[in-house]
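Enquirer:
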Amino acid sequence: MADLVESKPLSGFLDVLPEDAAVFERAVDSLKAVFRKYGYAPIDTPCIYSYETLTGGKAGVDKQLFDWRKGDEGGKHIALRFDLTVPLARYVAANFQKLTFPFKRYDVGKAWRGERPQKGRYREFYQCDFDTVGTTAATADLETALVMADSVAAAGAERFVIHLNDRQILNGLLESLGLLAQSEKVLRVVDKLDKIGEPGVRAELTQAPPVVAGSQDEVGLGLSQKAADEILAFTSLSKEKQGDDLWKTLEERFSSCDRARKGIERLRFVATGAANLRGTERFQVDLSIARGLGYYTGTVYETLLTDAPEFGSVCSGGRYDDLASSYTKQRLPGVGASVGLSRLLSALQKIKPEASVATPCPVLIVTSQDVDPFEGVRIADILRRASIGADLFPQAIKGAEDSSKLGKQLKYGDARGHSFAVIVAPDELVRGAVSVKDMKTQKQDEVALEALASTLRSRLFP
RNA sequence: GUGAGAGUAGCUCAGUUGGUUAGAGCACCUGGCUGUGAACCAGGAUGUCGGGGGUUCGAGUCCCCUCUCUCACCCCA
Numbered sequence: 001m002a003d004l005v006e007s008k009p010l011s012g013f014l015d016v017l018p019e020d021a022a023v024f025e026r027a028v029d030s031l032k033a034v035f036r037k038y039g040y041a042p043i044d045t046p047c048i049y050s051y052e053t054l055t056g057g058k059a060g061v062d063k064q065l066f067d068w069r070k071g072d073e074g075g076k077h078i079a080l081r082f083d084l085t086v087p088l089a090r091y092v093a094a095n096f097q098k099l100t101f102p103f104k105r106y107d108v109g110k111a112w113r114g115e116r117p118q119k120g121r122y123r124e125f126y127q128c129d130f131d132t133v134g135t136t137a138a139t140a141d142l143e144t145a146l147v148m149a150d151s152v153a154a155a156g157a158e159r160f161v162i163h164l165n166d167r168q169i170l171n172g173l174l175e176s177l178g179l180l181a182q183s184e185k186v187l188r189v190v191d192k193l194d195k196i197g198e199p200g201v202r203a204e205l206t207q208a209p210p211v212v213a214g215s216q217d218e219v220g221l222g223l224s225q226k227a228a229d230e231i232l233a234f235t236s237l238s239k240e241k242q243g244d245d246l247w248k249t250l251e252e253r254f255s256s257c258d259r260a261r262k263g264i265e266r267l268r269f270v271a272t273g274a275a276n277l278r279g280t281e282r283f284q285v286d287l288s289i290a291r292g293l294g295y296y297t298g299t300v301y302e303t304l305l306t307d308a309p310e311f312g313s314v315c316s317g318g319r320y321d322d323l324a325s326s327y328t329k330q331r332l333p334g335v336g337a338s339v340g341l342s343r344l345l346s347a348l349q350k351i352k353p354e355a356s357v358a359t360p361c362p363v364l365i366v367t368s369q370d371v372d373p374f375e376g377v378r379i380a381d382i383l384r385r386a387s388i389g390a391d392l393f394p395q396a397i398k399g400a401e402d403s404s405k406l407g408k409q410l411k412y413g414d415a416r417g418h419s420f421a422v423i424v425a426p427d428e429l430v431r432g433a434v435s436v437k438d439m440k441t442q443k444q445d446e447v448a449l450e451a452l453a454s455t456l457r458s459r460l461f462p
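Note that my numbering has the first sequence beginning at 1, numbered continuously upward.
1. From this set, D15, L341, T328 and K405, which residue's C-alpha is nearest T53's C-alpha?
2. Can you name the residues that DSSP bridges to D438?
3. Between the Cα of P394 and those of A386, S404 and A415, spot the shortest distance and give me the residue it belongs to.
4. Beta-carbon within less than 6 Å of A203's beta-carbon, same chain only, minus the 5 sequence neighbours each way: which residues are those?
5. Kindly indicate the opening and closing residues of the beta strand (DSSP E) around F103.
6. Figure out for me which residue from Q242, D44, Q225 and D245 has the closest Cα to the Cα of Q127.
7. Is the beta carbon of S288 sitting closer than 7 Å to the one on E302?
8. Can you tell which of V430, D307 and K440 has its C-alpha closest to the C-alpha of K411?
9. By Cβ distance below 6 Å, which residues in the same chain neighbour A324 in space, the five residues on each side in sequence not counted?
10. Our contact map puts T297 next to D141 with C-beta atoms below 8 Å; I'd like the distance itself, whole angstroms only.
11. Between which two residues does the beta strand (DSSP E) harbouring E302 extend?
12. Could you check where the beta strand (DSSP E) with Y320 kicks off and where it finishes?
13. With three or more C-beta pairs closer than 8 Å as the rule, is the stretch 144-159 touching the stretch 339-359?
14. In angstroms, rounded to a whole number, what distance separates the CA positions of E265 and R113?
15. In this structure, how does DSSP classify D391 when only helix, strand and coil are distinguished?
16. Sorted by chain position, which residues of the same chain lie with C-beta nearer than 8 Å to V371's C-beta, five sequence neighbours on each side aside?
17. Figure out for me which residue from A149, F24 and L460 has the closest Cα to the Cα of V34.
18. When DSSP labels each residue in this structure, what does A308 get in the three-state scheme?
19. Report the partner residues of I365 according to the DSSP bridge assignment.
20. Are the CB atoms of V363 and A390 nearer to each other than 7 Å?
21. Answer yes if the stretch 252-264 comes into contact with the stretch 163-171, meaning at least three C-beta pairs across the two stretches below 8 Å, and no otherwise.
22. Please state whether DSSP places A260 in a helix, a strand or coil.
23. For A358 versus E19, is the C-beta distance shorter than 7 Å?
24. So, is F13 buried or exposed, given that buried needs 16 or more other C-beta atoms within 10 angstroms?
25. Over the uninterrupted alpha helix (DSSP H) stretch that includes G376, give me the two end residues.
26. Report the start-end ranges of each beta strand (DSSP E) in the stretch 107-168 that is 3 residues or longer and not cut off at the edges.
27. Rounded to the nearest angstrom, what separates V339 and C315 at their Cα positions?
28. Counting C-beta neighbours from all protein chains within 10 Å, is the total for G120 16 or more, i.e. buried, or is it exposed?
29. From what residue to what residue does the beta strand (DSSP E) around V285 run?
30. Over the uninterrupted beta strand (DSSP E) stretch that includes A448, give me the two end residues.
31. Distance, Cα to Cα, V147 vs V422?
32. What residue from D258, T455 and K192 has the CA that sits closest to L438's CA?
33. Tell me where the alpha helix (DSSP H) around Y295 begins and ends.
34. Q330: which of A337, Q442 and D322 sits nearest, CA to CA?
35. Note down the Cα distance separating E25 from S356, rounded to an integer number of angstroms.
36. Hey, how far is the Cα of L442 from the Cα of Y295?
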């Protein structure tokens with residue numbers, strides 16, 4: 001015998017079993033329904049791009065890309081997309097004259113990262129993006145928050161909190177400290193507050209920068225203690241105060257800073273509006289969240305599951321001033337977010353492992369070895385014509401090698417989770433009837449063929 | 001890329017200070033039950049002990065190298 005070849009997927013890639021795929025498909029359907037309800041239209045975009053397109057011409061982003069070695073286009077380096085937002089930016093730039101703005105689209109698809117996998121982090125994963133492109137209006141930011149709440153709930157999460165912030169406020173603070181140029185690095189460190197705590201963040205902010213520029217293992221921005229104090233005092237504000245207290249404090253603190261005041265105004269609109277429509281327990285102003293992504297410039301969102309915060313954010317997003325600046329001179333502001341469905345579902349599975357079934361059909365047709373196998377196909381067909389999902393256990397003609405006994409067929413039905421078995425056997429068949437067995441209660445009774453569809457329908461959907 | 005841990009049956013794992021033929025549970029197959037599953041009883045099949053080298057009379061066990069996976073860092077859904 002030839003040596004067998006590895007059948008397991010690569011690390012960070014997932015096989016999905018039927019029972020999990022059923023959950024996944026339901027979740028996707030629910031999400032899409034939410035997106036459509038808010039006016040987002042579906043689009044589709046390619047998975048592979050040239051390096052240049054993916055990175056937007058910027059250096060340094062390519063570290064996490066999933067390389068594609070074969071199929072180079074005229075020597076061009078190509079790679080898989082790492083999210084759905086970059087493809088959107090490119091798409092909007094490429095189809096600018098065909099689209100109507102504000103443009104709202106959703107896109108459900110896979111993205112790839114070339115990094116080491118970890119808990120809740122894969123190298124291939126699904127994202128469900130929705131964005132509103134071509135407006136700076138704060139209502140779009142507020143509606144984005146609502147879509148996030150509705151989608152995470154629709155995917156099956158019960159307890160979660162959407163953290164809200166606006167980068168303009170922190171940027172205002174940094175501006176007053178003369179640190180605006182380092183904004184992105186500072187935001188990234190601040191973003192780790194929940195993970196490494198205040199001492200950790202303070203250390204990273206004040207430690208000397210890496211000796212070797214660009215080193216990945218050393219951290220440190222070399223800020224002054226005073227700057228670190230200011231930053232930490234600011235981010236802890238939302239931990240001490242929420243609601244009107246917080247707004248009042250912020251407005252006083254930043255009364256002379258134009259940039260921050262705009263951010264406060266918008267954040268207040270979004271946070272109070274969202275809490276008003278979906279409940280205060282769903283939304284929380286959190287001045288410490290920043291999002292690592294560089295293109296966010298205003299509102300930022302992050303969603304944590306109350307029962308599984310260790311999985312990280314399951315739905316994040318933000319507002320950007322100019323999404324497609326790398327691809328077009330047209331300025332395209334917008335706001336959007338992404339449901340990390342692979343992560344969300346793996347977290348939900350941990351919170352409440354649901355007994356789900358491996359079959360989409362409620363009914364299994366099993367046939368005795370003593371009847372013409374055609375009867376099974378015929379009876380299954382009756383149910384399908386009546387729009388009742390019916391799976392027929394493949395049954396060979398009597399005496400054939402792989403003809404299965406009733407017991408084995410019922411065992412299969414049990415393993416797959418069918419609700420009812422329709423047993424086709426000679427005694428009933430001569431009377432023009434079959435036996436219908438409830439797989440849970442084990443009760444079974446004889447039903448005439450003419451009444452089969454209606455009987456099953458009433459039992460399946462009482 | 002950096003650091004830590006782990007690789008034994010399809011899955012989860014046990015395997016004593018190195019000792020003959022490597023085990024258990026679950027799952028699977030067969031029969032008890034020629035017209036009835038998830039319970040029970042009896043039986044059955046399954047392993048290059050991740051790979052390579054070394055020490056030894058003898059290695060799943062000790063040493064070295066290598067590969068892979070997991071967790072964490074970086075970064076992020």
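Each residue gets a CB set at the ideal place from its N, CA and C atoms; glycine is no exception.
Expert: Reading off the structure:
1. Among D15, L341, T328 and K405, the Cα nearest to that of T53 is on T328.
2. F420
3. S404
4. Contacts found: none.
5. F103 to W112
6. D44
7. Cβ distance not < 7 Å, so S288 and E302 don't count as in contact.
8. K440
9. A89, V92, A93 and L332
10. Actually they do not touch by this definition, with Cβ atoms about 12 Å apart.
11. T299 to L305
12. C315 to Y320
13. yes
14. Whole-angstrom Cα-Cα distance: 36 Å.
15. D391 carries a strand assignment under DSSP once its states are collapsed to helix, strand and coil.
16. Closer than 8 Å at the Cβ level, and outside the excluded window around V371, lie V424, A425, P426 and L429.
17. A149
18. coil
19. L392 and V422
20. Yes, they are a contact pair.
21. yes
22. helix
23. Yes; because the gap between Cβ atoms is below 7 Å, this pair is in contact.
24. Answer is exposed; the Cβ neighbour count stays below 16.
25. P373 to R385
26. 124-133 and 160-166
27. 4 Å
28. buried
29. F283 to V285
30. Q444 to A448
31. 43 Å
32. The question names Leu, but residue 438 in the sequence shown is Asp. Nearest C-alpha to D438: T455.
33. Element bounds for Y295: n/a, residue is neither H nor E.
34. D322
35. 13 Å
36. Leu is not the amino acid found at residue 442; the sequence shown has Gln there. Distance between the alpha carbons of Q442 and Y295: 59 Å.
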